[in-house]
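Q: In this text, residue positions in the sequence shown follow UniProt numbering: the first is 1, and each later residue adds one.
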Amino acid sequence: MGRHTEWMRLAQGEARLALATGDVPVGAIIVDTAGVVIARGRNERELHRDPTLHAEIVAIRAAARALGDWHLTGCTLVVTLEPCVMCAGAILAARIPLVVFGAWDEKAGAAGSVYDVLRDRRLNHRVEVFPGVEEVECGALLRSFFDDPARRPTRGP
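#1: Would you decide whether Met1 is buried or exposed? Buried here means 16 or more other CB atoms lie within 10 Å of its CB.
#2: Just mark Trp7 as buried or exposed, buried being the case when its beta carbon has 16 or more other beta carbons within 10 Å.
#3: Apart from the five residues just before and just after Ala11, which ones in its own chain have a Cβ nearer than 7 angstroms to its Cβ?
#4: Return the Cβ separation of Ala111 and Phe101 in integer angstroms, given the expectation that the two are a contact with Cβ distance under 8 angstroms.
#5: According to the neighbour-count rule (16 or more other Cβ atoms, all chains shown, within 10 Å of its Cβ), is Pro83 buried or exposed?
#6: Going by alpha carbons, who is nearest to Val114 out of Val85, Glu128, Ala55, Ala66?
#7: Kindly identify the DSSP beta-bridge partner or partners of Arg42.
#8: Could you work out which residue in Val58, Cys138, Leu118, Pro131 is closest to Gly41 when comparing CA atoms only?
#9: Apart from the five residues just before and just after Leu123, which ones in its own chain have a Cβ nearer than 7 angstroms to its Cβ?
#10: Considering only residues of the UniProt domain "CMP/dCMP-type deaminase" (2-130), which uninterrupted beta strand (DSSP E) runs meet the minimum length of 3 residues and lie entirely inside it, listed in chain order?
Okay, here's the thing in structure tokens:
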């Protein structure tokens, strides 16, 4: 098992925690140059009723606190779902050089599917992207949420 797979399994653990609290099961971890996990995050949108609390944002904030610096230049972000545009913007702002993700997001992805913000040559920072790590397993986690109406939060009128 390679490092990316090992790290993705840790991110999947975070995704399962999100699922347990009624959130879309997306999890993320951030590792430093030595491969040590310095931050974890999971979707917390439903838990805190905050649309910005995607797994990547939660993990980036935790990593910045842990390092005492918003520059995450030596770090790798590992996330179970392709980052969206908001998260891609945060990844670029934090100067994270490497993103590893599991499942593609054909509706809102910004790392190669719908958009490719992370590798856009017009921007001053580009990110190396490793897609499809544990893709089947990550996709199954997401389907377990979306295929079960009882798991999805209900909306008011």
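Glycine included, C-beta positions come from ideal geometry on N, C-alpha and C.
A: Walking through what the data contain:
#1: exposed
#2: Buried.
#3: Gly27, Ala28, Ile29, Val78, Val79, Thr80
#4: 6 angstroms
#5: buried
#6: Val85
#7: Assignment of beta-bridge partners to Arg42 by DSSP yields Gly27.
#8: Val58
#9: Leu92
#10: 27-31, 37-42, 76-81, 98-103, 128-130
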